[in-house]
Structure formats: C-alpha cells, structure tokens
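Engineer: Provided herewith is a single structure, encoded as structure tokens, for subsequent inquiry.
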Amino acid sequence: MASPFGVLVCLLIVLPQILAISSPIDEIAPLKTCQFPCMTEVNLHLFLHQFVDGPNNPNRNEETLLQAIFPFGFGTTIVHDWTLTETTNSRDTVVARVQGVHVQAGLTKPNRWYTTHNIEFQQGRFAGSTLQVMGITAGLESGQWSIVGGTGQFIMAQGIISFTNHPASTFEDGIKELNIRVRFTRDITQAA
C-alpha cells in the first residue's frame, strides 16, 4: 500500500497534466487569423549526462524520493537535474540543465520510466529559454520524447527529441545522445 506521501507526490506530478487535457472539446475554437510570424525550426545535437542515484555515486544528479514495493518498482519516483553538453565529456561546459522527475510507470513491464522535465539553456543563443519535455524512457537503446512547450525564445514550442544510449556510457555516467528538433514562434515583441 502506498504511503500518503507517495500518493501526494504522484498527484502533484500527474494531476496538472490530466487537467490540461480534460477541457471539453466544444471549448476548442479554430484560430481565425494568425497574429504570429511563421514557425522557426532548430536542430540541436547534445549529450545528456545521468549520474544515477546510489550510495556509491557521490556525483549523482538524481535522487530517489519514493521507493515503491510494487512489482517492477511501480511508482518509484526520482527527481533529476541532469546536464547537457556538446560532447560526451561530462566535464565539458554545461549548455543546459534537464530538471524534472521520472516515475516507474510500468506495472507489467520493467523500465517504463515516465519522464517529464524542463530543459533550461544556460549557454549560447538560447540562454534563459526553456523547453518542456515529456515521454517514456523504457530502458531501450533509443527512443523519443515530445517537446510540448517552451519559454523565452522557444515560444509555442513543439517538437521531438530522439535519443540513443551512447557507447561511451558507463555505470557512473549514463550518456544519451540527443537530437533535438524544435519548432517555435519567434517573439514578435523582441524582434521589433
């Protein structure tokens, strides 16, 4: 049986997303005119560094909040603050931070981590801008996450992040190679 704290954590993570998609269909109206310029597309190639939680990993960048007792660890919740660099070297300049949570969401299969996080850019032309990302990390060699929003230069962002586990990964540094394809609307107030 889940603890009250565990139920609260799950509700805080999942409830906003349920509410966001629960509006009645008749409230959706098509846009009659477009007030924004055309979408811009950017492709980024970066490397994610995940230092897993554990007592023997002093450099970890994630922490287990809730360790569930269900099969396959269903409900286990981990908060993360992963880093993104331009190379496989984790000591390279951090271009962005990937901050969020991942929850073991598979009751019948292992390694079904539902992941939701913000990518906050710290360096370069996108410094201060964010991307909101969600998807499943299924312990596979490769996969995809959805870009569902953004701030700063990434207004009205949408897109896809394709990831593969990089051969340079170690137990201490799980490296994912990310190909980020994002479309967004330029901020017309900044362009003027």
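Letter by letter, the sequence shown follows residues -20 to -1, 1 to 172 of mature numbering (1 follows the signal peptide of the UniProt record, and there is no 0). Note that the Cβ used here is the ideal one computed from N, Cα and C, for glycine as well. Note that this is a predicted model, so its numbers are computed, not measured.
Just the Cα atoms here: how many angstroms apart are Asn41 and Thr165?
Structural biologist: Stepping through the sequence shown from its first residue, residue 41 is reached at position 61. Stepping through the sequence shown from its first residue, residue 165 is reached at position 185. Roughly 32 Å separates the two Cα atoms.
Engineer: Ordered along the chain, which non-local residues of its own chain (more than five positions away) have a Cβ less than 8 Å from that of Thr110?
Structural biologist: Here residue 110 refers to the residue found at position 130 of the sequence shown. The answer, listed in chain order, is Asn98, Ile99, Glu100, Phe101, Gly130, Thr131, Gly132, Phe134.
Engineer: Of the residues Val128, Arg71, Pro90, Phe106, which one's Cα is nearest the Cα of Thr56?
Structural biologist: Residue 56 sits at position 76 when you count from the first residue of the sequence shown. Considering only alpha carbons, the answer is Pro90.
Engineer: Straight-line CA distance for Val124 to Leu26?
Structural biologist: Locating residue 124 in the sequence shown gives position 144, counting from the first residue. Locating residue 26 in the sequence shown gives position 46, counting from the first residue. According to the sequence as given, residue 124 is Gln; it is not Val. Cα to Cα, Gln124 sits roughly 14 Å from Leu26.
Engineer: Compute the Euclidean distance between the alpha carbons of Gly139 and Leu46, then round it to the nearest angstrom.
Structural biologist: On the sequence shown, residue 139 is found 159 positions in, with the first residue counted as 1. On the sequence shown, residue 46 is found 66 positions in, with the first residue counted as 1. The straight-line gap from Cα to Cα measures roughly 31 Å.
Engineer: Evaluate Ser122 with the Cβ neighbour count: other Cβ atoms within 10 Å of its Cβ, from every protein chain shown; 16 or more gives buried, anything less gives exposed.
Structural biologist: Working through the sequence shown from its first residue, we reach residue 122 at position 142. Exposed, since its Cβ has fewer than 16 Cβ neighbours within 10 Å.
Engineer: Within 10 angstroms of its Cβ, does Ile141 collect 16 or more other Cβ (buried), or is it exposed?
Structural biologist: The residue given as residue 141 occupies position 161 in the sequence shown. Looking at its Cβ environment, which holds 16 or more other Cβ atoms inside 10 Å, Ile141 is buried.
Engineer: Is the separation between the beta-carbon of Val32 and that of Gly80 shorter than 9 Å?
Structural biologist: Within the sequence shown, the letter at position 52 stands for residue 32. Within the sequence shown, the letter at position 100 stands for residue 80. Cβ atoms of Val32 and Gly80: not closer than 9 Å.
Engineer: Would you report the Cα separation of Gly104 and Leu64, rounded to the nearest angstrom?
Structural biologist: Your numbering for residue 104 matches position 124 in the sequence shown. Your numbering for residue 64 matches position 84 in the sequence shown. So the alpha carbons of these two residues sit roughly 13 Å apart.
Engineer: Can you check which of these residues, Arg77, Phe50, Gly154, is closest to Gln84 by C-alpha distance?
Structural biologist: One-based indexing of the sequence shown puts residue 84 at position 104. Cα-wise, what sits closest to Gln84 is Phe50.
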